[in-house]
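Asks: One structure follows; several queries about it will come next.
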Amino acid sequence: MSLVRSPRTGVLAVAACLAAVSLSAPSAASPNPHNSLSSHGTRARGAATAVFADPATGSTAVSNLGAGTGWKVLTSATATQGGAAISTPGFDTAGWLSVADDGGGAPGTEINALLQNGSCPNVFYSTTMKSCFGQMTKVGADTLAQFSVPWWYRTDFTAPPAGQHAEVILNGVVGQADVWVNGTEVATSATVSGDYARNALDVTKLLRSGANSVAIEVYPNNPTTMATLDNVDWTQIPPDNNTGIQFPVQLQTGGPLVVGDAHVDQNTAADLSSSALTVKVAVTNTSGAAQTGTVGATVTPPGTGGTPVTVSQSVTVPAGSTQTVSFTPTAFPSLTIASPQIWWPYQLGGQPLYTLTTSVVQNGATLNATSETFGIRTVTSSLTGAGTMAPSGVRAFRINNVPLVIRGGGWDPDLFLRYDPADTAQQIGLFKAMGVNTIRLEGHLMPSDWYQQMDAAGILVNAGYQCCDFWENTSYTAAQQANYQLTAQSVGQVLRNHPSVFSFQWSDNAPTATQESLALKGFAAADYPGPFISSAEYNSSPQLGASGEKEGPYDWVPPSYWYDTSHENSGDSTLTNAGGSWGYDSEQSAGDTIPTLDSINRFLSPADQTALWQSPGANQYHDNYEGTRHTGYHFGTGYNLDQAITDRYGAPTSLAQYVEEAQVQNYEDTRAQFEAFVDHSTKSPAPATGTVYWQLNKGWPTLLWSLWNNDGDQAGAFFGAQKANRPLHALYALDNDTVTVDNLGGAAQSGLSVEAKVYTTAGSLLDDQTSGSLSLASQQVRNKVLTPKIPTAAGTVYFVELLLRQNGVLVDRNVYWNNTTSDVVNWSKTIGQPQASMSSYANLTALRGLAPATVSVAATTSDQAGPNGSDKLVTVTVTNTSSTPAVGFFLRADLRRGTASGAELSGDNEVKSSIWSDNDVTLWPGESETLTASYDSADLQGATPVVSLSGWNVAKSDTVAG
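Be aware that the sequence shown starts at 1, since it is given in our numbering, and climbs by one per residue.
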């Protein structure tokens, strides 16, 4: 989205991380590359360590340069000897920074190099990063002295056996680079540019026996002039502008024939009864004479019971050329798979992955081989619901012919682009616990391991280009055009076999005709089929046509805003900031999300904390990069959120009360956003087909746009989203005060009934209704099941409790707190703006007068492997034991390190690896709720697990989880 018009924050991932396709046997997890605050990255998950094969080929003849030995990194202000000397074997690197590869196989950014060598401890605390390195003043060219010159990256490697062909492969650089090998410059910044363009450099004639050296001079990243990445307005911009090497630098060797670029094109029957596979593999002749060999391919089904399909053919490749060998189902009927194992998003089915291996054999010897996985699944993208609201219709998706409402969030990588597979696994655990189905990558494409984990987890990925920088430039030179097309081809080679990646799109602005043509040519060269979408706003392009998407809002709006479908005309044809629950919204949220006090204490100084609750207009360093407010936007402050908290729940008198009120407000807002899109998914004329929360996570501690913090903190926003995205769920529609029941799982459900209770704040039961028996097909939404009788007197605060049962067993509890005098939005001043302009707020301050409630807590711990690699499960049963009708409102459980007697240890005692199945619950006398949390026993650090519980009107207590 445009910085002028719709201050966006995206996490697009334009180019995938180009790295390993095959995995070795499990090994110890790599050291945590993150600073101390990224603590959830410290836990070993036992994930396989990637053998980072060439992303375009999957070839095992490819190795990561620097693997095991690491890299030497230094600014050119100090390393002044020049490339010829620096790239010579034996060059003295005394005094250079020693840098280990991260979990993605890459040496990383300049700041990563400094952090690995002890600079700037606790870099994410308060304004430490600014004190250490300075602060960026704009998105474009770097203006900070130590990062304003190129930096050198250098490593040594051993040459392959004599006679083999050798290529150094750069899978992109963040910035531009000159490349030197053994004293000779082999590429310049004129061709090596951008984070996602793959360049293979022939170095065969430069290598010598024994030690060889490569040196890469990386020029400062400038997202306004380079097809690279930046942080737009999502966070503070890293002071080095992320300059460095995000993906592995590799050495590919072999010959005289080398296979690579192996992939599968699939044509699956509409009824999923069969899938016709076409296997393609490129064969390169590295010699000076024609070569003949036998190319083979094997497709191995998932599991142990299936029979592999093996095909082969002879090929003769002319000298110094590459030839694509295709195995079609027409020529090789065994490649038509009957009853294939279908890959599904995790809520709809399993995630079976087939394995494709290819090889080339000559004179009985295997010259090289490739191996990678793929999934069989079909994506359908279309426009539906054309009318006055959306003249061309709205974007909708089907996976394997099943329509589904896209419910997800935007992904933000670590601020310094450090990658840790264990950290990804932990965040997948958070994602699936929250119940959403899609991640949007905007301009920040990820390492190969990330996509492999998404494939295995069944998480949908919408990848694409970034907004607001050179990707949206309308005029490119011939060299830049070539690089743009090369980038698309490189990205397509990475994404094409990953079943998790279901679409690719441009961001705010649709591509020019030239950009579109270049990109589609690049994707076609990679055999990446899309589907492709022309814009994240309501735009169109010559070949792809209308996008069917919209954007915004980005700052605070009341829960009722999300249900609005009558104020779509923003006067802007792109439909930006017309964010009610209709159509497909590519990025939207209610802005600031306040973490828990545990998390706040980890990254905000006492002065920051005071400003957080006492000075709504104060710029917060952990909101976004702006040093001052946007004109019309308050992304650098909590201004709009704080005003709503004060007017709706009462002015806080302490930080603790501010955080408590913010949790409640964030909870109800995120719940409403997701529930509204589900509730309106069948509404005419423009159905709600998708909502992408902006954003899902953050690569550093944040107060803005996140559903969990970078330390794994699960605050009110997380649990509001979690509640809305239950696979079987009852919701209270805020636009018509009725009850909707939905089934977001993969199987039909029967024997359902929903009970709706209405209470006063004093605990009196005003209404109690129960539906008849219900049955729901997969993805079915049934509206207006019940109409609770709510109070009629103006200004009355009341509760609505929904209890969804299946065959008499409670499967979902959902509680709302409302005022009969609702929030009133001034739509004439709101539509088209990133936040709501309010005529009046719903007064919920009566909740501050709730009578105290008493609860009992029982907690046990058991051994149980979790989906994210955790090894323990705590089970907590909370019961409202009040003798009077006092509600226990917004009860929060946390797992802490404690003593055998049940006392909490001092300091930061939260077990941060815990992932909760539910939390922030509300109970009336006699009601119980059982919560669970998976966690890593190592996080206890030898202490006793203790569960703390507190609530809006419930005193804190601690219970040993025996």
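Yeah, the Cβ is synthetic: ideal placement off N, Cα and C, and Gly gets one too.
Alpha carbon to alpha carbon, what distance is there between residue 643 and residue 816?
Replies: Approximately 21 Å, taken between the alpha carbons.
Asks: Apply the 10 Å Cβ neighbour rule to residue 809 and answer buried if 16 or more other Cβ atoms are within range, or exposed otherwise.
Replies: Residue 809 is exposed by the Cβ-count criterion.
Asks: Do you know offhand how far residue 568's Cα is from residue 735's?
Replies: Whole-angstrom Cα-Cα distance: 16 Å.
Asks: Check whether the region 429-438 and the region 875-886 touch, using three or more Cβ-Cβ pairs below 8 Å as the test.
Replies: Flag = no, the region 429-438 and the region 875-886 do not touch.
Asks: Using 8 Å as the threshold, is the C-beta distance between residue 648 and residue 663 below it?
Replies: Against a cut-off of 8 Å, the Cβ pair of residue 663 and residue 648 comes out as no contact.
Asks: Less than 6 Å between C-beta atoms, sequence neighbours within five positions excluded: which residues of the same chain meet that for residue 851?
Replies: Around residue 851: 886.
Asks: Kindly confirm or deny that the region 697-709 and the region 766-783 touch, where touching means at least three C-beta pairs closer than 8 Å.
Replies: Output reads no: the region 766-783 does not touch the region 697-709.
Asks: May I have a chain-ordered list of the alpha helix (DSSP H) segments no shorter than 4 residues that lie completely inside the region 410-462?
Replies: Segments of the alpha helix (DSSP H) lying fully in the region 410-462: 421-434 and 448-457.
Asks: Can you tell me which residues form a DSSP beta bridge with residue 275?
Replies: Answer is 268 and 337, bridged to residue 275.
Asks: Does the distance from the C-beta atom of residue 677 to that of residue 688 stay below 8 Å?
Replies: Yes.
Asks: When the Cα atoms are used, what is the spatial distance from residue 476 to residue 194?
Replies: Cα to Cα, residue 476 sits roughly 14 Å from residue 194.
Asks: If we call anything under 8 Å between Cβ atoms a contact, is residue 859 one with residue 961?
Replies: It is a contact, given that the beta carbons lie within the stated cut-off.
Asks: Using the three-state DSSP reduction, which class does residue 240 fall into: helix, strand or coil?
Replies: Correct three-state label for residue 240: coil.
Asks: Kindly indicate which three-state DSSP category residue 195 falls into: helix, strand or coil?
Replies: Note: residue 195 maps to coil in three-state DSSP.
Asks: If you reduce the DSSP assignment to three classes, tell me which class residue 927 lands in.
Replies: Of the three classes helix, strand and coil, the one that applies to residue 927 here is coil, per DSSP.
Asks: Can you tell me the Cα-Cα spacing of residue 953 and residue 129, whole angstroms?
Replies: Rounded to the nearest angstrom, the two C-alpha atoms are 39 Å apart.
Asks: So the candidates are 515, 653, 422 and 315; which of them puts its Cα closest to the Cα of residue 292?
Replies: Cα-wise, what sits closest to residue 292 is 315.
Asks: Give every residue of the same chain whose Cβ lies closer than 6 Å to the Cβ of residue 99, excluding the five residues on either side of it in the sequence, and list them in chain order.
Replies: Result list for residue 99: 70, 71, 73, 107, 113 and 116, in chain order.
Asks: List, from N- to C-terminal side, the alpha helix (DSSP H) runs of 4 residues or more that fit wholly inside the region 635-719.
Replies: You should have 639-649 and 655-679.
Asks: Let me know if residue 641 comes out buried or exposed under the rule of 16 or more other beta-carbons within 10 Å of its beta-carbon.
Replies: By the 10 Å Cβ count, residue 641 comes out buried.
Asks: Look up residue 563 in the DSSP assignment and say whether it is helix, strand or coil.
Replies: Helix.
Asks: Per DSSP, what kind of secondary structure is residue 32 in: helix, strand or coil?
Replies: For residue 32, the predicted model reports a pLDDT of 32, less than 50, meaning its position is unreliable; a value from the coordinates is still stated below. Coil, per DSSP.
Asks: What are the complete beta strand (DSSP E) segments, minimum 3 residues, inside the region 170-236?
Replies: As far as the region 170-236 is concerned, its whole beta strand (DSSP E) runs of at least 3 residues are 176-181, 184-187, 199-202 and 211-219.
Asks: Only counting the same chain, and skipping five residues up and downstream in sequence, which positions put a Cβ closer than 6 Å to that of residue 777?
Replies: So the qualifying residues of the chain are 748.
Asks: I need the straight-line Cα distance from residue 81 to residue 93, nearest angstrom please.
Replies: The alpha-carbon atoms of residue 81 and residue 93 are separated by roughly 11 Å.
Asks: Mind checking whether residue 295 and residue 259 have CB atoms under 8 Å apart?
Replies: Contact: yes.
Asks: What residue range is occupied by the uninterrupted alpha helix (DSSP H) comprising residue 848?
Replies: Careful: residue 848 lies outside any alpha helix (DSSP H) and carries neither H nor E.
Asks: Contact between the region 462-477 and the region 417-436: three or more CB pairs below 8 Å?
Replies: Touching, no, given that fewer than three Cβ pairs across the two stretches are closer than 8 Å.
Asks: Drop a sphere of 10 angstroms on the beta-carbon of residue 559, count the other beta-carbons inside from all chains shown, and report buried for 16 or more, exposed for fewer.
Replies: So residue 559 counts as buried.
Asks: Can you tell me where the beta strand (DSSP E) holding residue 801 begins and where it ends?
Replies: Per DSSP, residue 801 belongs to the beta strand (DSSP E) from 797-806.
Asks: Note down, in chain order, each residue of its chain lying with its Cβ closer than 6 Å to the Cβ of residue 125, except the 5 sequence neighbours on either side.
Replies: Only 603 meet the Cβ criterion.
Asks: Just verifying my parser: in three-state terms, what is the DSSP assignment at residue 130?
Replies: Of the three classes helix, strand and coil, the one that applies to residue 130 here is helix, per DSSP.
Asks: Among 720, 675, 104 and 824, which has the Cα closest to the Cα of residue 841?
Replies: When only C-alpha atoms are compared, the closest one is 824.
Asks: Over what stretch of residues does the alpha helix (DSSP H) that includes residue 89 continue unbroken?
Replies: Neither: residue 89 is in no alpha helix (DSSP H) and is coded neither H nor E.
Asks: Can you give the Cα-Cα distance for residue 605 and residue 266, rounded to whole angstroms?
Replies: Rounded to the nearest angstrom, the two C-alpha atoms are 54 Å apart.
Asks: Less than 8 Å between the beta carbons of residue 680 and residue 582, yes or no?
Replies: In contact: residue 680 and residue 582 (Cβ atoms closer than 8 Å).
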